[in-house]
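Heads up, the sequence shown is in our numbering, so the first residue is 7 and it goes up one at a time.
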Amino acid sequence: MGERPIDSVDENGRTPLSYAASIGYLDGVCCLLDCNAFAFTEYTYNRDRDGFYPIHMASRNGHINVIQEFLRRCPDSRELLNPKGQNILHVAAENGRANAVSYMLKIPELDNLIKERDKDGNTALHLASRYGYPKVVSILTWEKRVCLELVNDKGRTALDVVENYHYDLPSFQQRLTWQALRCATSST
Numbered sequence: 007m008g009e010r011p012i013d014s015v016d017e018n019g020r021t022p023l024s025y026a027a028s029i030g031y032l033d034g035v036c037c038l039l040d041c042n043a044f045a046f047t048e049y050t051y052n053r054d055r056d057g058f059y060p061i062h063m064a065s066r067n068g069h070i071n072v073i074q075e076f077l078r079r080c081p082d083s084r085e086l087l088n089p090k091g092q093n094i095l096h097v098a099a100e101n102g103r104a105n106a107v108s109y110m111l112k113i114p115e116l117d118n119l120i121k122e123r124d125k126d127g128n129t130a131l132h133l134a135s136r137y138g139y140p141k142v143v144s145i146l147t148w149e150k151r152v153c154l155e156l157v158n159d160k161g162r163t164a165l166d167v168v169e170n171y172h173y174d175l176p177s178f179q180q181r182l183t184w185q186a187l188r189c190a191t192s193s194t
């Protein structure tokens, strides 16, 4: 018996569900999840070669409606971690997806993700700071549940991460990120 299209995997180990999630194709995600219970269970929890689950792909690209659908149909998918030990909030913050971060902060069931650390001890705030996403940093620093003093495995706060850029001249984006953190830390 040949491989069904729903069972196919591309050269990156991505299933149709993972691909639909990555491009924000909500109707496709819903259709694939509706195919049958086995596919729902198998493909929702199937990592690609990079170790990302479909919900991570939606988070990486900021597809809030797809994230909502995964959380509605499979609430425990919020706990899935990629190989770096990152949850969906980490992934959204690391990729500068401000709308997705803002959405996740409004979901009470995702509260535990806020202070969760990846394998390097980084929170979502550390990652947004490291990659220079001032809008995400601002959203996170205005959130009362985010602790600005948490340190990663290198003993650095998010502000320390920004101040430790290894560039002669920081970019405008990096300077805005630094400014957002400086304002937040001076008001605490």
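Idealized CB from N, CA, C, for every residue including glycine.
Any chance the CB of residue i is under 7 Å from a heavy atom of the ligand MN?
i, result
"Asp117", "Among the components modelled here there is no ligand, and therefore nothing to report on the ligand MN."
Using DSSP with H/G/I as helix, E/B as strand and the rest coil, what is residue i?
i, result
"Cys153", "coil"
"Thr50", "helix"
"His69", "coil"
"Asn170", "coil"
"Ser14", "coil"
"Ile61", "helix"
"Thr183", "helix"
"Thr163", "coil"
"Asn118", "helix"
"Ser192", "helix"
On the DSSP letters alone, give me the boundaries of the alpha helix (DSSP H) that residue i sits inside.
i, result
"Leu133", "Ala130 to Arg136"
"Thr147", "Pro140 to Trp148"
My understanding is that residue i touches residue j, with C-beta atoms under 8 Å, so please give their C-beta distance in whole angstroms.
i, j, result
"Ser135", "Ala164", "4 Å"
_Any alpha helix (DSSP H) of 4 or more consecutive residues that is wholly inside the stretch 16-43_ = 22-29 and 32-40
_Segments of 4+ residues assigned as alpha helix (DSSP H) that fall wholly inside the stretch 74-116_ = 94-100 and 104-111
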